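Taking UniProt numbering, the leading residue of the sequence shown gets 1, the next gets one more, and so forth.
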Amino acid sequence: MSLISMHGAWLSFSDAPLLDNAELHIEDNERVCLVGRNGAGKSTLMKILNREQGLDDGRIIYEQDLIVARLQQDPPRNVAGTVYDFVAEGIAEQAAYLKAYHDVSHQVMTDPSDKNLNELARLQEQLDNLGLWQLDSRINEVIEQLGLDANAQLASLSGGWLRKAALGRALVSGAARAAAG
């Protein structure tokens, strides 16, 4: 069975058909290259496959439990915070808890005051109760595999390193969807 099958896909913008009864099948272990001139609809097709854009007609069938994540074409710009914060935002609902824990655990290294230690204990309990340790481990694993510094400020990174951070965010997003499913 195909990982993704698109059948009879139709999509148009202002009477200009972008997809006209299109068919697409992506098989397991298949590599796909999408090439076309500017404005041909490459980004729109990627949005459709990532469920960010609907079709006018037709259907798309995804293999059960398939996770699709899309990396933006351009690296993120004018983003604040650390690499960890940015990557963790790939798991929107849980990101706030994980970012708070990461920040406080980093503070405890330089200021192990009772206030910081109590806050760290409170956040650890929240992560325990919500079952978020696996996602925290996945975030750190992805950051390490990409050769990124979790505590680096995004504003200090070059375009290539920003793209790596964005890739990490997409990979973590897929892991979060798999854990929730």
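Quick reminder that beta carbons are idealized off the backbone N, C-alpha and C, glycines included.
These numbers were taken from a predicted model, which means no experiment stands behind them.
For residue i, the nearest candidate out of the options (CA to CA)
i	options	result
His7	Ala16, Asp28 and Leu49	Leu49
residue 235	Gln126, Leu18 and Ile67	Nothing in the structure corresponds to residue 235, since the chain is present only between 1 and 181.
Ile60	Ala152, Asn118, Leu24 and Val79	Leu24
Ala150	His102, Val32 and Glu30	His102
CA-to-CA distance, residue j to residue i, given in whole angstroms
i	j	result
Trp10	Ala22	7 Å
Val108	Ala95	20 Å
Ala100	Gly36	43 Å
Thr44	Asp15	16 Å
Ile4	Arg122	43 Å
Asn116	Ile26	50 Å
Ala180	Arg77	The predicted model places Ala180 with a pLDDT of 46, which falls under 50 and marks its position as unreliable, so this point remains unresolved.
Ala178	Glu52	Residue confidence is low: Ala178 scores 46 on pLDDT, short of 50, so the model does not pin down where it sits. Its coordinate-derived value is still stated next. Their Cα atoms are separated by approximately 18 Å.
Leu132	Asp20	44 Å
Leu148	Asn140	10 Å
Cβ neighbour criterion (16 or more within 10 Å) applied to residue i
i	result
Val83	buried
Val172	buried
Arg138	buried
Phe13	exposed
Asp57	exposed
Ile91	buried
Leu157	buried
Leu130	exposed
Asp85	buried
Nearest-angstrom Cβ-Cβ length linking residue i and residue j, presumed shorter than 8 Å
i	j	result
Val142	Val104	Not a contact, Cβ separation roughly 21 Å.
Leu154	Leu146	In fact, because the Cβ distance is near 14 Å, the residues do not count as touching under 8 Å.
Asp128	Leu98	Rounded, the Cβ-Cβ distance is 13 Å, inconsistent with contact.
Lys42	Leu34	5 Å
Met1	Glu63	6 Å
- Message: Is it the case that the region 59-72 contacts the region 165-173, given that we only count it when at least three CB pairs across the two stretches are under 8 Å?
- Response: With a cut-off of 8 Å, the region 59-72 and the region 165-173 count as touching, because enough Cβ pairs lie within range.
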